[in-house]
Each structure stands twice: as C-alpha cells, then as structure tokens.
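Q: Heads up: the sequence shown is residues -27 to -1, 1 to 309, going by mature numbering (1 follows the signal peptide of the UniProt record, and there is no 0).
Beta carbons are placed, not taken as given, at the ideal position from N, Cα and C, and that holds for glycine.
Pasting a structure below so you can have a look.
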Amino acid sequence: MKIRSISIHTFTLATVLAGAWGVAAQAQEAQSARGYFFPALIPSYFDKEHFLEDISMERCELSNGYQSWCYRLKVKSNPVEVGPFCPETINDIGGVYPYDGATNPGLRVLKRDLFEDMEADGYDIVDDDGAIRFIMIKTGEIPNLDPDLSYCIEVEPDNELQLSYMIPVFSWHAQESTPMDDASKIVGLSLIGMPINGLPPSVANGIPGAPTGTGSMPALDACGGHINEGFYHSHIFPETINEIYARHHIGDVRCEAVYPKGSGDLVAYAMDGFPIYTHLESNGATPTNLDECNGHFGPTIHYPTGMYHYHSSSAEDVNIPRCLKGVMAKQQLIVE
C-alpha cells in the first residue's frame, strides 16, 4: 500500500505551530522532567484514502486541563471490507476471538472446536439444531436476551457516520499512564485511518453493560476488528495479525483487507501522539528496555534522532499496548 501525503499548508502550519508553542509554553517547564515536549505525529505518514478531509489543527483541551492544539483526523466509519464475524452453524467458520474460558484459552477461530469447548465450559451458545445463538444489534438498541444463554454478537454498520479523532500536536508524558484495559478505550489510529481500541470484552466475565450473561462474544473478523456503535475498529493490529495466526498454526482465516507490515514498520499513532511500531526493530532485533506500556525512547527510520514510541506486543495475541504514557485530548472522538 502506497503511503500518500495529506497536505497541510505550510503557512498555516507554521502559524499554528508558533501559536501552539506559545500556548504550551506554560506547561513546558513542568513537563520537561517527565518526558518529551515536541511534535511527534507526522501527518504525511497517513494514507488519505479513507480520510474524509485533510488533517487539520484546532484548539483543544488536554486531559491534564491545559489548552493546546490538536490534530483533527476525520475518517470514514467503515473504511475496509469487513467480516465474516459469526458463523451460522457449528459446521461453519466465522471470525476469531480471544477466548478466556477454562478449556483451551487463547485466540480461537469461531468454528466447531471452539463452540464445543464453550459448551463444555457451561456456555449454552449452540442450540439443539447445531445453530449458533446469534444476535444482530442495531446502534442504540438494547436487545431483550436470555441471560442464561450465550450469544455470538454482531452490530449493524452505519456508513454515514463521520469520525474525527483528536490527537495532540505536542506529545509529552503524563504524570500517570492510562490503562487500555477496556474495549471503549481508544489506543490510536492506524495509518489507513482505522481506529484501534483497548482489550475486547471477556467471554468468561461477560460484556460490561450488556443484557447477556457470561459466554457471549462480540465476534471479531479475520483482521481482529468488529463494528460497534455503527463503526469498525480493531482490537488487534491488523497489519500484524497474520503473524499471530502463523505462530499458532491457524490456517482457517487470514486478514486480507489490510496490507501486512514487517520489522520496524510504523503501523499507527497512539492517542497521545506517539508512534506505534511492529514488534521488532527495523534491523529485525527484539526491542529492549520496554516500559509497562511496551514503549521506549530510541531512533527509528522515521525519527533518526530518537523518539519515544510503542511496539506491538510479541507475547500477547491481543498485541496492543496495555497503557499509554502520554497526555491525550480530553475529547478524543467526535462522531457526526
């Protein structure tokens, strides 16, 4: 996939950056002891195919209460071909899900052996005719479901939605890391304009706030994403998910909608503005001195003088950073 530039007029950029430095100067001294204070996100690294307009900058409030500048990245709600998610019967093959039940936990393909393991674990997800208990939810709908049964869940897409992600122009470390331990948390935005969210709901513990009991799952497709509230987002980096399948000798599914990336490739920018790379350095080496968020400071191809950056996890199937180190926008997502 060719990375194409999204233009920001030079005069406008220089003017806004100058203003942003003035606005942010009050915080620079206080933040300098905790990290880096300079532009990290480079707009030209994004592929604008799935963007609705050029990346722009506007005033915003940050999570620490400071007024600053943020990039507005406005993208399509469903940028790639998605699915399949839930299989119709126990004999069919659907997407995948990180199963955390007692029997054979791990990233599993939605097919017979998983559903038999779920039944053995006490989750009633297959009816007497061998059909998978399935529910399609409309955005905003609260379905009336039997809490004693388990369901494979899908959500209808809304292709009319327009999503604007707000990412600070200037990145620096916050006083405390922000956990990405919930599906509603936004990790970042991939270079093709696809959002990456936090950990998907637990099958064993149930979906928070959902009218279902334990054992239900909002199915992921082969690229590790699904639709919720009308728009598609991923919980596993789709650019690297085929490597995970190969590691587990999974051959039933493969991510075809997103071009894969290799050693040292930039895959996304986190919501704090810091870049996210694949699980290896550009020379194929394993990253060292990673912190609790799977990040460290060092040079990359895109930042030869050094930049704090994250790596996707090489040890976890859901390979997103488990936390973010930087300050984020107070309002990270605007849905229109």
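#1: According to DSSP, cysteine 43 sits in a beta bridge with which residue or residues?
#2: Judging by CA-CA distance, which residue of Lys84, Tyr138, Met109 and Asp100 is the nearest neighbour of phenylalanine 24?
#3: Relative to the C-alpha of asparagine 117, which residue among Ser50, Ala183 and Val142 is closest?
#4: Residues in the same chain with beta-carbon distance under 6 Å from glutamate 2, minus the five sequence neighbours each way, listed in chain order, please.
#5: Comparing alpha-carbon positions, which option in Phe247, Pro120, Glu61 and His199 lies nearest glycine 281?
#6: Is the Cβ-Cβ distance between leucine 162 and leucine 306 less than 7 Å?
#7: Could you tell me which of Glu127, Asn215 and Tyr70 sits nearest to proline 173, measuring between CA atoms?
#8: Quick one, which of Gly56, Lys49 and Tyr44 has its alpha-carbon nearest alanine 195's?
#9: Just checking my contact of isoleucine 165 with glutamate 22 at CB under 8 Å: how many whole Å lie between their CB atoms?
#10: Give the range of the alpha helix (DSSP H) segment to which methionine 244 is assigned.
#11: Using a Cβ-Cβ cut-off of 6 Å (strictly less than) and excluding sequence neighbours within five positions of residue 334, which residues of its own chain qualify?
#12: Would you report the Cα separation of valine 291 and glutamate 202, rounded to the nearest angstrom?
#13: DSSP state of alanine 258, grouped into three classes?
A: On the basis of the supplied data:
#1: Glu31 and Pro141
#2: Tyr138
#3: Ala183
#4: Confidence is the limiting factor: at glutamate 2 the pLDDT is only 39, short of 50, which leaves the residue's position unreliable, though a coordinate-based value still follows. Closer than 6 Å at the Cβ level, and outside the excluded window around glutamate 2, lies no residue.
#5: Sequence inspection shows tyrosine at residue 281; the glycine mentioned does not correspond to that position. Cα-wise, what sits closest to tyrosine 281 is Phe247.
#6: no
#7: Tyr70
#8: Gly56
#9: 7 Å
#10: Per DSSP, methionine 244 belongs to no alpha helix (DSSP H) and is neither H nor E.
#11: Outside the shown range of the chain (-27 to 309) lies residue 334, about which nothing can therefore be said.
#12: 21 Å
#13: coil
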